Every structure is written in C-alpha cells, then in structure tokens.
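Counting in the working numbering, the sequence shown runs from 1486 upward without gaps.
Backbone N, C-alpha and C define an ideal beta-carbon position, used for all residues, glycine too.
Note that this is a predicted model, so its numbers are computed, not measured.
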Amino acid sequence: MDTTSPYYGQVRLLTRILPLVAVEKSFALKGGTAINLFIRDLPRLSVDIDLVYLPMDDRDAALRNVAEALARIADAVIAAMPGTEIVRSFEHQADSLRLFVAQGGDRIKIELSPVLRGSVFPEELREVAPAVEEQFGYVEMRLLSIPDLYAGKICAALDRQHPRDFFDVKLLFENEGLTEDLVRTFLVYLISHNRTMAELLQPTHKDI
C-alpha cells in the first residue's frame, strides 16, 4: 500500500482512535470500515467510523446518551493525541451525532444515526484483519453481526448506488452469499429505511 496516500494517513488515524471508541460499550461498528477492516482482509480502504447505538432507549434518552458518549470519546482522543482538533456537531444540533477529527492533514468522521438504534442479531467482538494488523497494529472492536452489516450495506447500495457499496456487496456474493438470516435482517432494515420500500427496491438508476 502507498504509505504517502492521504487515505493511508486517514486509516492510520482511524485505527488509533478505534480503541478509544471501543471503551463505549453501547456502540458497535457498522458500514464499510467494519466490513473492510474486520470482516474482509482490507480489499479497500474505508475512513469513517460509522456506529450504532445498541440500547433500545427512547429517542430523547438515546440522543442524550449518545451525545455524552461522543463527548467522552472526544475528550479521550484529545488526551491521548495532543494536537488533535475535534468538531462536536451535536453541541450545535442535538440530532447531529458526529465528531469530525483532524490531526495534521488527516481527517476522519465518527457518526451515528439519530433515528436507527439497536440491531437484529447480537453484536460481536472482532479483531482487525491480518493485513490491517500488519500495517496499522492490533485493534479489536464490537461489530454488528454479518447479517446486520450486510443488510445495511445492501440498503445503502440500493439508495446511494455508489461503487464502493456495490464492491462490498460483490464480495458478499462471492463469500457468504444471501443466507436466510441476511434476507430476514434485510427486510427489517428495508422497513426501517427513511425512503419507502418501493423507492428503495426500484430506484432511479444513476450513471456510474
């Protein structure tokens, strides 16, 4: 891997921050970072920390608890990594559950949905893939289950139609495939999506 690439620096920053995020037991990792740094052996880089709030609290309690946890993460990052700059979006808008973290020229985002919380299957504690450990060091983190991860990823692929999502789904088909657990979990995520099921299942195709 090209160590001069800006993406390399972002992944290095991400893997330094993940252990500080992992302290918060109410969070689990999802999305491209979970898939490509933990489930797969680094077939592509992913530079955002997308999290799920696991407890099924009511909305007001969830927003409050997530904001408090993000504040603790921000404080821990600043203490562990002097010179790091952090923007705490939730301080300006209660449902903007994001941290923007910058160190030097490297920038990453930590984000949660203000609506979706919980998971279909229990979360799992996983270690980073061998290629990640070799280049960036050992990290372990709670992840959503494979059915939860890929149910969300398939919804994202249908919604965004971005090449990175199609790539992740391609590797799913080449490995685990569409299991019964995944199909059932996908239905939950489909119903829970902010777009209607009809829109998501029959999207306007983008020219990619």
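Please state whether DSSP places R1495 in a helix, a strand or coil. Sequence check: residue 1495 is Gln here, not Arg. Of the three classes helix, strand and coil, the one that applies to Q1495 here is helix, per DSSP.
Which residues in the same chain as I1676 place their Cβ atom closer than 8 Å to its Cβ, once the five residues preceding and following it in sequence are excluded? M1682
Would you report the Cα separation of E1576 and E1659, rounded to the nearest angstrom? If you draw a straight line from the Cα of E1576 to the Cα of E1659, it is about 43 Å long.
Here's a check: name, in chain order, each residue in its chain whose Cβ is nearer than 8 Å to the Cβ of N1679, leaving out the five neighbours to either side. V1600
Would R1549 pass as an interface residue toward chain D - the criterion being a Cβ-Cβ separation below 8 Å? Within the model displayed, chain D is absent; a lone protein chain is all it includes.
C-alpha distance - P1615 paired with I1524, whole-angstrom precision: Roughly 10 Å separates the two Cα atoms.
CB-CB under 7 Å to L1610, same chain, minus the five flanking residues each way: which ones, in chain order? E1625 and R1627
Is the CB-CB distance between I1520 and L1634 below 8 Å? yes
Inter-residue Cα distance where the pair is L1584 and D1666: 33 Å
Given a threshold of 16 other Cβ atoms within 10 Å of its Cβ, counted over all protein chains shown, does K1638 qualify as buried or as exposed? buried
Could you check what DSSP says for Y1635 in three-state terms: helix, strand or coil? helix
In chain order, what residues of the same chain have a beta carbon less than 6 Å from the beta carbon of P1567, not counting five sequence neighbours either side? none
Are there 16 or more other CB atoms within 10 angstroms of the CB of Q1588, so buried, or fewer, so exposed? buried
Quick check on the DSSP output: what are the complete beta strand (DSSP E) runs of length 3 or more inside the stretch 1565-1605, in order along the chain? Secondary structure in the stretch 1565-1605: the beta strand (DSSP E) runs of 3 residues or longer, each lying completely within the stretch, are 1570-1573, 1583-1588 and 1591-1597 in chain order.
Whole runs of the alpha helix (DSSP H) within the stretch 1637-1665, excluding any shorter than 4 residues: 1648-1659
Thinking C-beta only, is E1509 closer than 8 Å to I1571? Taking 8 Å as the cut-off, the beta carbon of I1571 is found no closer than this to the beta carbon of E1509.
Tell me, please, which residues DSSP counts as bridged to Y1538. Note: Y1538 is bridge-paired with F1512 in the DSSP secondary-structure output.
For A1636, collect the residues of the same chain with a Cβ closer than 6 Å to its Cβ; drop the 5 residues on either side in sequence, then sort them by chain order. T1670, F1671 and Y1674
Could you please give me the residues that DSSP links to D1533 through a beta bridge? K1594
How would you call K1691, buried or exposed, if buried means at least 16 neighbouring beta carbons within 10 angstroms? exposed
With 16 other Cβ atoms within 10 Å as the buried cut-off, status of R1602: buried
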